[in-house]
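Undergrad: I have a structure here, written as structure tokens, and I will follow up with some questions on it.
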Amino acid sequence: MSASWNILKKLRGKKPLDLVLFLLVHLASVLTIGFMLFIIGYIVAKGTPYLKPSLFALKYTSDNVSLFPSLVNTVTMTLLSLLIAVPFGIFTAIYLVEYAKRSNKIVGVIRVTTETLAGIPSIIYGLFGFLFFVVYLKWGYSLLAGSFTLAIMILPLIMRTSEEALKSVPDSFREGSFGLGAGRLRTLSKILLPYAMPGILSGVILAIGRIVGESAALIFTAGTLARIPTGLVPNKEQFFLFQSARTLSVHMYALSSEGFHVNEAYATALVLLVLVVGINALSFFIAKKFTRA
Amino acid sequence: MKPNDVKEVMMHGVFMITAFASIIAVLLICVFLFASGIPAIKEIGLGSFLLGKEWSPADSPPSFGIFPMILGSLYITAGALLLGVPIGIFTAVFLAKFCPKQVYKIVKPCVDLLAGIPSIVYGFFGMLMIVPLIRTVFKVNGSSILAASILLGIMILPTIVSISESSIRAVPESYYEGALALGASHEHSVFFAVFPAARSGILAAVILGLGRAIGETMAVIMVAGNQARMPAGVLKGVRTLTANIVLEMGYAQDLHRGALIATGVVLFVFVLIINLSFSALKRRNIS
Numbered sequence: 158m159s160a161s162w163n164i165l166k167k168l169r170g171k172k173p174l175d176l177v178l179f180l181l182v183h184l185a186s187v188l189t190i191g192f193m194l195f196i197i198g199y200i201v202a203k204g205t206p207y208l209k210p211s212l213f214a215l216k217y218t219s220d221n222v223s224l225f226p227s228l229v230n231t232v233t234m235t236l237l238s239l240l241i242a243v244p245f246g247i248f249t250a251i252y253l254v255e256y257a258k259r260s261n262k263i264v265g266v267i268r269v270t271t272e273t274l275a276g277i278p279s280i281i282y283g284l285f286g287f288l289f290f291v292v293y294l295k296w297g298y299s300l301l302a303g304s305f306t307l308a309i310m311i312l313p314l315i316m317r318t319s320e321e322a323l324k325s326v327p328d329s330f331r332e333g334s335f336g337l338g339a340g341r342l343r344t345l346s347k348i349l350l351p352y353a354m355p356g357i358l359s360g361v362i363l364a365i366g367r368i369v370g371e372s373a374a375l376i377f378t379a380g381t382l383a384r385i386p387t388g389l390v391p392n393k394e395q396f397f398l399f400q401s402a403r404t405l406s407v408h409m410y411a412l413s414s415e416g417f418h419v420n421e422a423y424a425t426a427l428v429l430l431v432l433v434v435g436i437n438a439l440s441f442f443i444a445k446k447f448t449r450a
Numbered sequence: 007m008k009p010n011d012v013k014e015v016m017m018h019g020v021f022m023i024t025a026f027a028s029i030i031a032v033l034l035i036c037v038f039l040f041a042s043g044i045p046a047i048k049e050i051g052l053g054s055f056l057l058g059k060e061w062s063p064a065d066s067p068p069s070f071g072i073f074p075m076i077l078g079s080l081y082i083t084a085g086a087l088l089l090g091v092p093i094g095i096f097t098a099v100f101l102a103k104f105c106p107k108q109v110y111k112i113v114k115p116c117v118d119l120l121a122g123i124p125s126i127v128y129g130f131f132g133m134l135m136i137v138p139l140i141r142t143v144f145k146v147n148g149s150s151i152l153a154a155s156i157l158l159g160i161m162i163l164p165t166i167v168s169i170s171e172s173s174i175r176a177v178p179e180s181y182y183e184g185a186l187a188l189g190a191s192h193e194h195s196v197f198f199a200v201f202p203a204a205r206s207g208i209l210a211a212v213i214l215g216l217g218r219a220i221g222e223t224m225a226v227i228m229v230a231g232n233q234a235r236m237p238a239g240v241l242k243g244v245r246t247l248t249a250n251i252v253l254e255m256g257y258a259q260d261l262h263r264g265a266l267i268a269t270g271v272v273l274f275v276f277v278l279i280i281n282l283s284f285s286a287l288k289r290r291n292i293s
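Sequences listed follow chains A and B, in order. Residues in the first sequence are numbered from 158 upward in steps of one, following my numbering. Residues in the second sequence are numbered from 7 upward in steps of one, following my numbering.
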């Protein structure tokens, strides 16, 4: 009661233009929050009743439209992509921050290319992955082609967050370490990387969120086969890395474009949403803890 | 050399080589897109490819004109900006200059959450919420430029909000205080002293939002209708460049496939131009 009275009192003294701006600013913010609440609330409300155990059955059939195989594929795809992108991303960041001279022309070129990579839409990555990995390297629609495509896609994200994390290490740490006679590598592994680790980690987790949510880059690289690839025979046709595998997002696309299983699609959307939002929240908390320290 | 020195030199080399990964990736992307796209454009003819109004790959002779898709992408993007930019900028102003600390702690994560929702979930939401809404309100099919614009407008909000907010925060406090000291009100100081100083950053935010909107694929496919014809009105369906690739790439052969890759090339060039202007603006902002 007293709060709304205060707002009224604040409003009454304003000039018309100020009042309009004041209202617009608040209206816009209410809309933004409203959109968020509405989308999340809609998916949660529609999806929760259909979270049935059959949705998590080990095998996908067109009856149960189980999301379990896609979930496993998502984990595999994420691990593979990280395995490729994380070393490259962190090493590049180390090179840029700790080794390269500021005046070095290559540094400028790397910056520009990274910015370019960060701005390319995922469908272009999908197209490139199809042309290069699937067709040119003859990998076919496969886990491997999908994860290489995603690795290139998340490279700029991991690079940038690692770079920021390394830059945030105070120079006195480096000087102290060098002063005690440690070499560059020892300084890096014992002082810089441990200090920068939370920042790097939050970037990696953010990248996981992007991988889990990605669909356009995967449809024509990893394909849409709804089962868990198995087979450890080291021949190309049977090895699991060379088999098609749909991730949860692609599964979601398949379900919603087929249009036969709308209720199950709601539940799948809910699972996907919870996963991605949880992953992003985790990254947020790690980053926050890191800035406080 | 001591074994330690060998390790130092070796790792220096390793770090340097990995640093080239992003350069190699960009080169590969360019080479493979252009090498497969440009021959197709040559065969179709640049003019009839870019400005042709007919896309009918199954006809004989087939026609591959992507002008409807270029217009479709532009219309939907423009619509998204029309909705997303004002809401986004005003929200950014609210976050930077109006909101109390406790409220900020709630609103900011909301915006981040909006950024985290996968585009396929946005598309699904649009298909089952926005499209039926338009269907009942306007008595039309529903999958339309309007539906796609509304959905994309929401999707680009977080991009616009967070970049605008940080560029508003980057304006020195003295601008605001100076205006207040001259007798301007809070709103007046924010919008007529601080805001103009942040405008190149805000413009950069809009450009980045534009890049996201034009490149968005999965969400658009599910709400835009995807008819490959000239846009006929806000309430009619339309196909974007991105949708064209995803819808037909699965079965396309020969020249048809080439034409789809060439569609990707056109999109890629659009995005490159948008990115270059974004980095140019950002650089100007810093200096």
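Heads up, the beta-carbon is just placed ideally off N, CA and C, and yes, glycines get one too.
Taking just the CA atoms, how far does A/THR306 sit from A/GLU371?
TA: Position 214 of the first sequence, counted from the first residue, corresponds to residue 371 of chain A. Position 149 of the first sequence, counted from the first residue, corresponds to residue 306 of chain A. For A/GLU371 and A/THR306, the distance between alpha carbons rounds to 11 Å.
Undergrad: Using 8 Å as the threshold, is the segment 257 to 265 of chain A in touch with the segment 338 to 345 of chain A, meaning 3 or more CB pairs across them?
TA: no
Undergrad: Run through the segment 189 to 255 of chain A for me and flag every whole alpha helix (DSSP H) of 4 or more residues, listed as ranges in chain order.
TA: Whole alpha helix (DSSP H) segments, 4+ residues: 225 to 251.
Undergrad: Pick helix, strand or coil for B/GLY243, following the three-state DSSP scheme.
TA: The residue you call residue 243 of chain B lines up with position 237 of the second sequence. Three-state DSSP puts B/GLY243 in coil, outside helix and strand.
Undergrad: Taking a Cβ distance cut-off of 9 Å, strictly less, list which residues of the segment 193 to 227 of chain B are near chain A, in chain order.
TA: GLU193, HIS194, VAL196, PHE197, LEU214, GLY217, ARG218, ILE220, GLY221, GLU222, THR223, MET224 and ILE227
Undergrad: Check whether the Cβ atoms of A/ALA383 and B/ILE93 sit closer than 7 Å, and answer yes or no.
TA: Counted from its first residue, the first sequence places residue 383 of chain A at position 226. Counted from its first residue, the second sequence places residue 93 of chain B at position 87. No, Cβ-Cβ distance for A/ALA383 and B/ILE93 is not below 7 Å.
Undergrad: Measuring CB atoms only, is the segment 294 to 303 of chain A touching the segment 330 to 338 of chain A, in the sense that at least three cross pairs come out at less than 8 Å?
TA: no
Undergrad: Mapping the DSSP letters down to three states, classify A/PHE290 as helix, strand or coil.
TA: In the first sequence, counting from the first residue as 1, residue 290 of chain A sits at position 133. Residue state, collapsed to three classes: helix.
Undergrad: With distance defined between alpha-carbon atoms, name the residue in A/ARG169, A/LEU165 and A/VAL182 nearest to B/GLU193.
TA: Within the second sequence, residue 193 of chain B is the residue found at index 187, counting from 1. If you compare the alpha carbons of A/ARG169, A/LEU165 and A/VAL182 with that of B/GLU193, the shortest gap goes to A/VAL182.
Undergrad: Measuring alpha carbon to alpha carbon, tell me which of B/GLY129, B/VAL37, B/SER180 and B/ALA258 ends up nearest B/ILE1.
TA: A question about residue 1 of chain B goes unanswered here, because the residues of chain B that appear run from 7 up to 293.
Undergrad: Which of the three DSSP states, helix, strand or coil, is assigned to A/PHE377?
TA: Taking the first sequence and counting its residues from 1, the one referred to as residue 377 of chain A is at position 220. DSSP places A/PHE377 in coil when its eight states are reduced to three.
Undergrad: If you draw a straight line from the alpha carbon of A/LEU314 to that of B/LEU273, how long is it in whole angstroms?
TA: In the first sequence, residue 314 of chain A corresponds to position 157, counting from 1. In the second sequence, residue 273 of chain B corresponds to position 267, counting from 1. Their Cα atoms are separated by approximately 22 Å.
Undergrad: If we cut at 7 Å on Cβ distances, does A/TYR410 have a partner in chain B?
TA: As a first step, residue 410 of chain A is located in the first sequence; it is residue number 253 there, counting from the start. Yes, A/TYR410 lies at the interface with chain B (some Cβ there is under 7 Å from its Cβ).
Undergrad: So, helix, strand or coil for A/ALA450, using DSSP?
TA: The count along the first sequence starts at 1 and reaches residue 450 of chain A at position 293. Annotation note: pLDDT 48 at A/ALA450 (below 50); position unreliable, coordinate value reported separately. Note: A/ALA450 maps to coil in three-state DSSP.
Undergrad: So B/ILE166 and B/GLY217 are in contact, right, with Cβ under 8 Å, and what is the actual spacing, rounded?
TA: Taking the first residue of the second sequence as position 1, residue 166 of chain B is located at position 160. Taking the first residue of the second sequence as position 1, residue 217 of chain B is located at position 211. Contact flag wrong, Cβ pair sits at about 11 Å.
Undergrad: For A/ILE311, does the count of other Cβ atoms within 10 angstroms reach 16, so buried, or fall short, so exposed?
TA: For the purposes of this step, residue 311 of chain A is taken as residue 154 along the first sequence, with counting starting at 1. Buried is the call here.
Undergrad: So with Cβ pairs under 7 Å, would you call A/ALA424 a contact of chain B?
TA: As a working note, residue 424 of chain A is residue 267 in the first sequence. Using a CB distance cut-off of 7 Å, A/ALA424 does not count as an interface residue toward chain B.
Undergrad: For chain B, is any of its Cβ atoms less than 7 Å away from the one on A/GLU320?
TA: One-based indexing of the first sequence puts residue 320 of chain A at position 163. For A/GLU320, the answer is no, since every Cβ of chain B falls outside 7 Å of its Cβ.
Undergrad: Which residues in chain B sit within 8 Å of A/PHE248, going by Cβ to Cβ distance?
TA: Against the first sequence, residue 248 of chain A aligns to sequence position 91. The contacting residues are VAL20, PHE21, THR24 and ALA25.
Undergrad: Against chain B, with Cβ distances strictly below 7 Å, would A/LYS223 count as a contact?
TA: On the first sequence, position 66 is the one that residue 223 of chain A refers to. Reading the sequence as shown, one finds Ser at residue 223 of chain A and not Lys. A/SER223 does not count as touching chain B.
Undergrad: Suppose contacts are defined by Cβ-Cβ distances below 7 Å. Is A/LEU193 in contact with B/ILE126 by that definition?
TA: Against the first sequence, residue 193 of chain A aligns to sequence position 36. Against the second sequence, residue 126 of chain B aligns to sequence position 120. One point to set straight first is that residue 193 of chain A is Met, not Leu, in the sequence displayed. Against a cut-off of 7 Å, the Cβ pair of B/ILE126 and A/MET193 comes out as no contact.
Undergrad: Quick one: does the C-beta of A/ALA373 sit closer than 6 Å to a heavy atom of the ligand COA?
TA: The ligand COA is not part of this structure, which contains no ligands at all.
Undergrad: Report the residue from B/ARG205, B/MET17 and B/ILE72 whose alpha carbon sits nearest the alpha carbon of B/LEU52.
TA: Taking the second sequence and counting its residues from 1, the one referred to as residue 52 of chain B is at position 46. Comparing Cα positions, the closest option is B/ILE72.
Undergrad: Could you tell me whether the segment 131 to 146 of chain B touches the segment 62 to 71 of chain B, where touching means 3 or more Cβ pairs closer than 8 Å?
TA: no
Undergrad: Less than 7 Å between the C-beta atoms of B/ALA265 and B/ALA46, yes or no?
TA: To locate residue 265 of chain B, count along the second sequence from 1; it is residue 259. To locate residue 46 of chain B, count along the second sequence from 1; it is residue 40. A contact, by the Cβ cut-off of 7 Å.
Undergrad: Per DSSP, which residues does B/SER69 bridge with? Please list them.
TA: Sequence index remark: in the second sequence, residue 69 of chain B carries index 63 (1-based). DSSP output for B/SER69 lists B/SER62 as bridge partner(s).
Undergrad: Assuming B/CYS36 is part of the alpha helix (DSSP H), what are its boundary residues?
TA: On the second sequence, residue 36 of chain B is found 30 positions in, with the first residue counted as 1. From DSSP, the alpha helix (DSSP H) with B/CYS36 extends over 27 to 50.
Undergrad: Any residues in the segment 273 to 291 of chain A with a beta carbon nearer than 9 Å to a beta carbon of chain B? Which ones, in chain order?
TA: THR273, LEU274, ALA275, GLY276, ILE277, PRO278, SER279, ILE280, ILE281, TYR282, GLY283, LEU284, PHE285, PHE287, LEU288 and PHE289
Undergrad: Looking at the structure shown, is B/GLY217 part of a helix, part of a strand, or coil, going by DSSP?
TA: On the second sequence, position 211 is the one that residue 217 of chain B refers to. Correct three-state label for B/GLY217: helix.
Undergrad: Please state whether the Cβ-Cβ distance between A/THR249 and A/MET354 is less than 7 Å.
TA: Taking the first sequence and counting its residues from 1, the one referred to as residue 249 of chain A is at position 92. Taking the first sequence and counting its residues from 1, the one referred to as residue 354 of chain A is at position 197. No, they are not a contact pair.
Undergrad: Let me check understanding here. Comparing Cα to Cα, which of B/VAL15, B/THR24 and B/SER285 lies closest to A/ILE241?
TA: Along the first sequence, read from residue 1 onward, the residue named residue 241 of chain A stands at position 84. Measuring from the Cα of A/ILE241, the nearest candidate turns out to be B/THR24.
Undergrad: Tell me whether the beta-carbon of B/ARG245 lies closer than 7 Å to the beta-carbon of B/MET22.
TA: One-based indexing of the second sequence puts residue 245 of chain B at position 239. One-based indexing of the second sequence puts residue 22 of chain B at position 16. Going by C-beta atoms, B/ARG245 is not nearer than 7 Å to B/MET22.
Undergrad: Using a Cβ-Cβ distance under 7 Å, would A/LEU439 count as near chain B?
TA: Taking the first sequence and counting its residues from 1, the one referred to as residue 439 of chain A is at position 282. Closer than 7 Å: no.
Undergrad: Select from B/ILE220, B/VAL252 and B/ALA185 the residue whose C-alpha is nearest the C-alpha of B/ILE279.
TA: Translated into positions along the second sequence, residue 279 of chain B becomes position 273. The candidate whose alpha carbon is nearest that of B/ILE279 is B/ILE220.
Undergrad: Do A/THR235 and B/SER28 have their CB atoms nearer than 7 Å?
TA: As a first step, residue 235 of chain A must be located in the first sequence, where it is residue number 78. As a first step, residue 28 of chain B must be located in the second sequence, where it is residue number 22. No, Cβ-Cβ distance for A/THR235 and B/SER28 is not below 7 Å.
Undergrad: Which chain B residues sit within Cβ distance under 8 Å of A/ARG331?
TA: Mapped onto the first sequence, residue 331 of chain A falls at position 174. Ordered by position in chain B, no residue passes the 8 Å Cβ test against A/ARG331, which lies about 15 Å from the chain.
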